[in-house]
Amino acid sequence: MALIPFDDRDGFIWLDGALRPWREAKLHVLSHALHYASAVFEGERCYSGNIFRLRDHTQRLIDSGRILGFEIPYSADEIDAACIATLAANKFTEAYVRPIAWRGPEEMGVGAKATKIHVAIATWEWGAYFGVEQRMKGVRLAMAKWRRPAPDTAPTASKAAGLYMIGTLSKHAAMDEGYDDAFMLDHKGDIAEATGANAFFVIDGVIHTPTPTCFLDGITRRSVMALAKKRQMQMVERVMPASDLARASEVFVAGTAAEVTPVACIGDNTYTPGDITRTLMEDYNALVRKNPAEVMKLVA
Ligand SMILES: Cc1ncc(COP(=O)(O)O)c(C=O)c1O
267 MALIPFDDRD GFIWLDGALR PWREAKLHVL SHALHYASAV FEGERCYSGN
317 IFRLRDHTQR LIDSGRILGF EIPYSADEID AACIATLAAN KFTEAYVRPI
367 AWRGPEEMGV GAKATKIHVA IATWEWGAYF GVEQRMKGVR LAMAKWRRPA
417 PDTAPTASKA AGLYMIGTLS KHAAMDEGYD DAFMLDHKGD IAEATGANAF
467 FVIDGVIHTP TPTCFLDGIT RRSVMALAKK RQMQMVERVM PASDLARASE
517 VFVAGTAAEV TPVACIGDNT YTPGDITRTL MEDYNALVRK NPAEVMKLVA
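Convert by adding 266 to the 1-based position in the sequence shown; the result is the number in this note's numbering.
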């Protein structure tokens, strides 16, 4: 299927306080964010007309901006309402939602305190998913040569655009070798995450997940941990040495875009998606379709 360029679509994009025709949602080439990566964003999914954990995403957007030294000029209530309005304008009930905030063109240079903070929200349909059976085969991940940077090297707690540079490099290298995506270790050589999702490892029947010391503590990750607890599955959060990759029997990744996706291999280590992965995948698929009040009760 031919890819429709993202600047040439029908619909509406919310930009700096108002919905605009999609093709008119433009910015200047001298926007600070384009040159210096002074942008933070979110990735959300709307299921059956509700954005899953919307307020958590909105709060992370605001917090990510603060970590990059700027204040988004809208309240959490206003951003939530704008996400919902953008979906409604595009008549979507099943879609991906992408809010982004960035430093504009008002000043150029490394120091750019006079820049204004701009915000846009776009939404698009995310195509058909594989059925559970097909996804149970698992995705194939290459081991990335890039590593997640130390938290005193980059603003790793923020969902900052600049942090994705090594993700894109790693994913492209993996795809060139015939893999689906890449998996990254951290600056110390411990297990980190995939390029856009957190990871879980089943070792001797217990689920292990790396402590998010230098990567996002994902909203999906937190939801999966709550679901595992409800099932009374044992879950251990710890620093995981790379040698644990060879000890796991089942591995899955979890993220807003990836949802819960089984992993067939990470480099030379192969895994067989099994009952724990299937159960959490099904529980997550059910959770995202509950109404927001019920979701909050289940993940509390
Ligand atoms: C690098 C990275 N790690 C983890 C995640 C998972 O985060 P979440 O579950 O909040 O989408 C994402 C997705 O946003 C991501 O891009």
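The beta carbon of each residue, even a glycine, is placed where N, CA and C say it ideally should be.
For clarity, every value in this text was computed on a predicted model and none was experimentally measured.
Near ligand 1: residue i beta-carbon under 7 Å from a heavy atom
i: Thr486; result: yes
i: Phe318; result: no
i: Gly433; result: yes
i: Lys425; result: yes
i: Leu482; result: yes
i: Thr258; result: Given that the chain is displayed from residue 267 to residue 566, the structure contains no residue 258 and the question cannot be resolved.
i: Gly309; result: yes
i: Asn464; result: yes
i: Ala520; result: yes
Continuous alpha helix (DSSP H) stretch holding residue i: start and end
i: Tyr302; result: His298 to Tyr302
i: Arg488; result: Ile485 to Lys496
i: Cys349; result: Ala342 to Ala355
i: Glu308; result: Counting along the chain, Glu308 falls outside any alpha helix (DSSP H), and DSSP gives it neither H nor E.
i: Asn551; result: Asp541 to Leu553
i: Arg401; result: Val398 to Arg401
Proximity to residue i [Cα-Cα], best of the options
i: Asn464; options: Lys454, Val472, Thr479 and Asp470; result: Thr479
i: Arg364; options: Ile473, Ala408, Phe278 and Thr527; result: Phe278
i: Ala530; options: Val517, Ala423 and Val502; result: Val517
i: Thr527; options: Gly533, Lys454, Ala508 and Asp549; result: Asp549
i: Ala299; options: Asp276, Met450, Gln498 and Gly375; result: Gly375
i: Thr522; options: Asn356, Ala460, Tyr445 and Asp470; result: Ala460
i: Asn535; options: Met491, Ala458 and Ala514; result: Ala514
Residue i - partner residues in DSSP beta bridges
i: Glu337; result: Its beta-bridge partners do not exist; DSSP assigns none.
i: Phe466; result: Phe518
i: Cys480; result: Paired residue(s): none; Cys480 is not in a bridge.
i: Arg369; result: Ile383
i: Asp510; result: DSSP lists no partner for Asp510.
i: Arg406; result: Cys531
Unbroken beta strand (DSSP E) run spanning residue i, endpoints
i: Glu503; result: Met501 to Arg504
i: Glu459; result: Ile457 to Ala460
i: Asp442; result: Not the beta strand (DSSP E): Asp442 falls in the alpha helix (DSSP H), residues Met431 to Asp442.
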